[in-house]
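Comments concern the structure below.
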Amino acid sequence: MSRVISIVNQKGGVGKTTTSINLAAGLAEMGHLVLLVDMDPQGNASSGLGLSKEQFSHGLYEALAKQKRFSDVVVDTPHQNLRLVPSNSNLAGANIELVDMEAREHQLKYLLDEARHAYDYIIIDCPPSLGLLTINALVASDEILIPVQAEYYALEGLGQLLETVGLVKEHICPDVEIVGAVLTMYDKRTRLSEDIMMELYKYFPNNIFRSVIPRSVRLAEAPSFGQSIFHYEPRGRAAKAYRKLAEELHSCGL
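Here my numbering is used: the sequence shown runs in plain steps of one and ends on residue 323.
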């Protein structure tokens, strides 16, 4: 049975999609069978792996809307062992359409339950909001990973996110847990990065990954070439950091 992990932070620009892509690719590089679910209507996880939204006539939205079977919207990626459920702009309408569905918070869970047997990991890249799409991702997940940018306003809204997770645990899905927070865009030369790390311990005293993702021009460039960091600069600092994060995440589930 696979581990289903949502990458969540309602604050944009924190490295959420970058972490989703490269954590999934890192786990696949280790030999695990991985499914990456692009839950963001912007489709950046799809394009970040070199898969244009325009080349797919259907994706996650069509599965949620019951127009396609879930297995029919899963596609291959350039990475061995890594498959993708792509997103397109249609998914933006799902927030509205899901409202009238019975068990609306469970629709993604129902889809993933069909696929769990086929993968070791299912990674969900959530949209930068706490709407119904993100709630569906949380309910479908076993674990939640929260990327936090090493900058002054990074911790704003973190309390709201933790409150939402708490409500999901209390009312819908008591078994979902926060596996941890990972610091992104970290610059060891600045005092600010150290301060943010210390502040994080107040929120996650026992759940901060030792792996830290560095600020990296090459990491920022990789999506524009439709590549994970493992294909774009496999021996660079960022690839080493995501490789270490994948190993750490895997070991904490053993």
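Glycine residues also receive a C-beta, built at the ideal position from the N, C-alpha and C atoms.
Going by beta-carbon coordinates alone, are residue i and residue j separated by less than 8 Å?
{"i": "D194", "j": "V103", "result": "no"}
{"i": "I241", "j": "E183", "result": "no"}
{"i": "V168", "j": "L129", "result": "no"}
{"i": "V237", "j": "I204", "result": "yes"}
{"i": "S198", "j": "Q79", "result": "yes"}
{"i": "E268", "j": "L318", "result": "no"}
{"i": "L133", "j": "L177", "result": "yes"}
{"i": "E171", "j": "F299", "result": "no"}
{"i": "T87", "j": "L288", "result": "yes"}
{"i": "Q229", "j": "G119", "result": "no"}
{"i": "E316", "j": "I265", "result": "no"}
{"i": "V251", "j": "P216", "result": "yes"}
{"i": "K313", "j": "S262", "result": "no"}
{"i": "S210", "j": "V245", "result": "yes"}
{"i": "I192", "j": "S320", "result": "no"}
{"i": "A308", "j": "E302", "result": "yes"}
Go ahead and label residue i buried or exposed: buried means 16 or more other beta carbons lie within 10 angstroms of its beta carbon, across all protein chains shown.
{"i": "R284", "result": "buried"}
{"i": "I282", "result": "buried"}
{"i": "G235", "result": "exposed"}
{"i": "N91", "result": "buried"}
{"i": "Y190", "result": "buried"}
{"i": "K135", "result": "exposed"}
{"i": "N157", "result": "buried"}
{"i": "A291", "result": "buried"}
Under three-state DSSP, which class holds residue i?
{"i": "E212", "result": "strand"}
{"i": "V234", "result": "helix"}
{"i": "R173", "result": "helix"}
{"i": "Q229", "result": "helix"}
{"i": "V217", "result": "strand"}
{"i": "D145", "result": "strand"}
{"i": "H186", "result": "helix"}
{"i": "H240", "result": "helix"}
{"i": "V223", "result": "It is Ala, not Val, that sits at residue 223 in the sequence shown. If DSSP states are grouped into helix, strand and coil, A223 belongs with coil."}
Determine the extent of the beta strand (DSSP E) in which residue i is found, giving its start and end residues.
{"i": "I247", "result": "246–253"}
{"i": "R279", "result": "Per DSSP, R279 belongs to no beta strand (DSSP E) and is neither H nor E."}
{"i": "I76", "result": "72–76"}
{"i": "D194", "result": "190–194"}
{"i": "V154", "result": "151–154"}
Compute the beta-carbon to beta-carbon distance between residue i and residue j, rounded to the nearest angstrom, for a pair I have assumed lies under 8 Å.
{"i": "E212", "j": "I76", "result": "Actually they are not in contact, since the Cβ atoms of E212 and I76 sit about 10 Å apart, beyond 8 Å."}
{"i": "Q218", "j": "G84", "result": "6 Å"}
{"i": "N164", "j": "L201", "result": "5 Å"}
{"i": "V151", "j": "A94", "result": "The question names Val, but residue 151 is Leu in the sequence shown. Correct: roughly 6 Å between the Cβ atoms."}
{"i": "L214", "j": "Y272", "result": "That belief does not hold up - the Cβ atoms of L214 and Y272 are roughly 14 Å apart, past 8 Å."}
{"i": "A206", "j": "M70", "result": "About 18 Å; that fails the 8 Å criterion."}
{"i": "R138", "j": "G322", "result": "About 29 Å; that fails the 8 Å criterion."}
{"i": "V142", "j": "E131", "result": "6 Å"}
What are the boundary residues of the alpha helix (DSSP H) that includes residue i?
{"i": "S306", "result": "First, the amino acid is wrong: residue 306 is Arg here, not Ser. Element bounds for R306: 306–320."}
{"i": "V103", "result": "Note, V103: premise wrong, no alpha helix (DSSP H); beta strand (DSSP E) at 103–107."}
{"i": "S89", "result": "85–98"}
{"i": "L133", "result": "129–133"}
{"i": "G290", "result": "Checking the displayed sequence, the identity of residue 290 turns out to be Glu instead of Gly. 286–290 is the span of the alpha helix (DSSP H), which, as asked, contains E290."}
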